[in-house]
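>
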Amino acid sequence: MGKTLTLYTRKGCPLCEELAAEVCALLAGTGHALVPVDVDADPELKAEYGWEVPLLFDGDTEICRHQLNLPAFQEWLRFNP
966 MGKTLTLYTR KGCPLCEELA AEVCALLAGT GHALVPVDVD ADPELKAEYG
1016 WEVPLLFDGD TEICRHQLNL PAFQEWLRFN P
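Here our numbering runs 965 ahead of the position in the sequence shown, where the first position is 1.
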């Protein structure tokens, strides 16, 4: 069973949409899933992350911020086949 990655995002954010598409393509066939979370829907998340979206997390571990960090993501995939 794969892991679930969290993508903190907001509506109308082109960088968020781009990162989501890139991550979905890289996760295809791995058994892992991506769950987008709109920070604007939760006052605590909005206060914590503000305009720092998109952010990609595995649990409490940040993988990427603002754009795909391909080496960091590939390292994550290597440890989470």
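Even for Gly, the Cβ is constructed at its ideal location relative to N, Cα and C.
Pick from GLU1009, PRO1019, VAL1000 and LEU1010: whose alpha carbon is nearest that of PRO979?
The residue labelled residue 979 in the question sits at position 14 within the sequence shown. The residue with the shortest Cα to Cα distance from PRO979 is PRO1019.
> Label VAL1004 either buried or exposed according to how many other C-beta atoms from any shown protein chain fall within 10 Å of its C-beta, with 16 as the threshold for buried.
Working through the sequence shown from its first residue, we reach residue 1004 at position 39. Buried: at least 16 other Cβ atoms inside 10 Å.
> Tell me where the alpha helix (DSSP H) around PRO979 begins and ends.
Position 14 of the sequence shown holds residue 979. Its alpha helix (DSSP H) spans residues 979-992.
> I need the DSSP call for VAL1004, collapsed to helix, strand or coil.
Position 39 of the sequence shown holds residue 1004. VAL1004: helix per DSSP, three-state reduction.
> Would DSSP call GLU1009 helix, strand or coil?
Translated into positions along the sequence shown, residue 1009 becomes position 44. Reduced to three states, the DSSP call for GLU1009 is helix.
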